[in-house]
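Q: In UniProt numbering, the protein residues as written are 1 to 313.
All C-beta atoms, glycine included, are put in the ideal place defined by N, C-alpha and C.
Computed from a predicted structure; not experimentally measured.
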Ligand SMILES: Cc1cc2nc3c(=O)[nH]c(=O)nc-3n(C[C@H](O)[C@H](O)[C@H](O)COP(=O)(O)O)c2cc1C
């Protein structure tokens, strides 16, 4: 029997290293018809702002080569509404919950963090999604600026819950940003959010999405996210990593864990197979055992320690 217990950081231990990716699974029990959510390591909400948001113009999703492009635009009911009306369903299912937050200004992040103080203990952590435009800095993405990420870390530091900072793969500054997170009081990073992408409609040669550009996810993102995880672990081995990007089976999950992720998330693959999270939860222990590991924690970072062969010696 493989021990699947996954410690992300102090105060955040999951029974299995598999969860959904933010934005794929809604805000509450939407996945429950397909997946027994109580079996998941944790449920991650779609990103919530301290206010209600309507999102981007349609179309918001389009298929691409080995990928999907979305410009959903962080539509949501706001944190207060979520606490009052949607959180109770997650308490009923008894699934550890990670709340993803976002904002348009640094102060929005501070307000979002403040609105989560004293929340029900089913909430075990917070993901801070910094892949959003900063209206105070020419709409430049927070995640593409070392200074902005530092300011967000500072603005959310009063949160008493573990804080995971979700970063973008579309910046050459990722290494520097990881160092800033590592030196802060944040608990870890989520690698990665979608990559910046574009698709043109071959009928009219105009952008396919209503917001023009979008976020690329799915199989085409996997190797990019894997590289970010591998490089982060190599440079900063003690910085906890949540791996996400193109995972659709146990094999993809194992790759991310071996590269250095302590847990993984599944997003786009759920659109193809809504039960994929259950399947990976079921298959993962068998596949880990085949590789000769008796605990998922031994697999984490194995690619940096001689791979599977080192474990068999
Ligand atoms: C339709 C859609 C909506 C998303 N919404 C969010 C979101 O609200 N917050 C966030 O941090 N990431 C969001 N993401 C990004 C995913 O959480 C994930 O980082 C990305 O899709 C890569 O994983 P995947 O290839 O398994 O989908 C969204 C992705 C998709 C496809």
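Judging by CA-CA distance, which residue of 260, 251, 235 is the nearest neighbour of residue 242?
A: 260
Q: Once the 5 residues before and after residue 223 are set aside, which same chain residues still bring their CB inside 7 Å of it?
A: none
Q: Look at the Cβ atom of residue 21, then the Cβ atom of residue 267, and state whether they are nearer than 8 Å.
A: yes
Q: Excluding the 5 residues preceding and the 5 following residue 326 in the sequence, name in chain order all residues of the same chain whose CB lies nearer than 6 Å to its CB.
A: Because residue 326 is not part of the residues shown, which for the chain are 1 to 313, the question remains open.
Q: With 16 as the cutoff for other CB atoms within 10 Å, does residue 255 come out buried or exposed?
A: buried
Q: Is residue 146 helix, strand or coil when you go by DSSP?
A: helix
Q: Just tell me which of 270, 298, 213 has its CA closest to the CA of residue 263.
A: 298
Q: Can you confirm whether residue 1, when its beta carbon is compared against all beta carbons of chain B, has any partner nearer than 8 Å?
A: Among the chains in the structure shown there is no chain B, since it carries only a single protein chain.
Q: Between residue 199 and ligand 1, is the CB less than 7 Å from at least one heavy atom?
A: no
Q: Could you have a look at residue 178 and say whether DSSP puts it in helix, strand or coil?
A: helix
Q: Quick one: is the Cβ of residue 269 within less than 7 Å of any heavy atom of ligand 1?
A: yes
Q: Examine ligand 1 and report whether any of its heavy atoms sits within less than 7 Å of the Cβ of residue 46.
A: yes
Q: Measure the alpha-carbon distance for residue 71 versus residue 86 and round it to whole angstroms.
A: Straight-line measurement puts the Cα of residue 86 at about 24 Å from the Cα of residue 71.
Q: Please list, in chain order, all residues of the same chain as residue 176 whose beta carbon is under 8 Å from its beta carbon, the five residues on each side excluded.
A: Taking residue 176 as the centre and dropping the five residues before and after it, the same chain places the C-beta of 146 closer than 8 Å to its C-beta, in chain order.
Q: From this set, 236, 150, 228, which residue's C-alpha is nearest residue 171's C-alpha?
A: 228
Q: Excluding the 5 residues preceding and the 5 following residue 233 in the sequence, name in chain order all residues of the same chain whose CB lies nearer than 7 Å to its CB.
A: If you ignore the 5 residues before and after residue 233, its C-beta comes within less than 7 Å of the C-beta of 241, 259, 260, 301, 304, all in its own chain and listed in chain order.
Q: Whole angstroms is fine: what's the gap from residue 156's alpha carbon to residue 306's?
A: 38 Å
Q: Since residue 43 sits in a beta bridge, which residues does DSSP pair it with?
A: 97
Q: Out of 210, 192, 198, which one is the CA nearest neighbour of residue 64?
A: 198
Q: Tell me the rounded alpha-carbon separation between residue 13 and residue 41.
A: In this structure, the straight-line span from the alpha carbon of residue 13 to that of residue 41 is close to 9 Å.
Q: Please report the Cβ distance between residue 1 and residue 15, rounded to the nearest whole angstrom; I am assuming they are in contact, meaning their Cβ atoms lie under 8 Å.
A: Rounded, the Cβ-Cβ distance is 13 Å, inconsistent with contact.
Q: Taking the alpha-carbon positions, what's the residue 211 to residue 56 distance?
A: Approximately 6 Å, taken between the alpha carbons.
Q: Write down the C-beta distance between residue 246 and residue 221 rounded to the nearest angstrom, noting that I regard them as a contact closer than 8 Å.
A: Sure, about 5 Å apart at Cβ, within 8 Å.
Q: Can the beta-carbon of residue 115 be found closer than 8 Å to that of residue 162?
A: no
Q: DSSP on residue 76, reduced to helix/strand/coil?
A: strand
Q: Taking 7 Å as the cut-off, is the C-beta of residue 246 nearer than that to any heavy atom in ligand 1?
A: Residue 246 has its Cβ nearer than 7 Å to a heavy atom of ligand 1.
Q: Which word fits residue 294, buried or exposed, when buried means at least 16 other C-beta atoms lie within 10 angstroms of its C-beta?
A: exposed
Q: In the DSSP assignment, find the unbroken beta strand (DSSP E) run with residue 166 in it and report its ends.
A: 163–167
Q: DSSP has residue 217 in a bridge; who is on the other side?
A: 68
Q: Taking the CB atoms as reference points, tell me whether residue 34 and residue 275 lie closer together than 8 Å.
A: yes
Q: Between residue 76 and residue 48, how many whole angstroms is the CB-CB distance? I'm expecting something under 8 Å.
A: That pair is a contact at about 5 Å.
Q: Would the beta-carbon of residue 129 fall within 8 Å of that of residue 166?
A: yes
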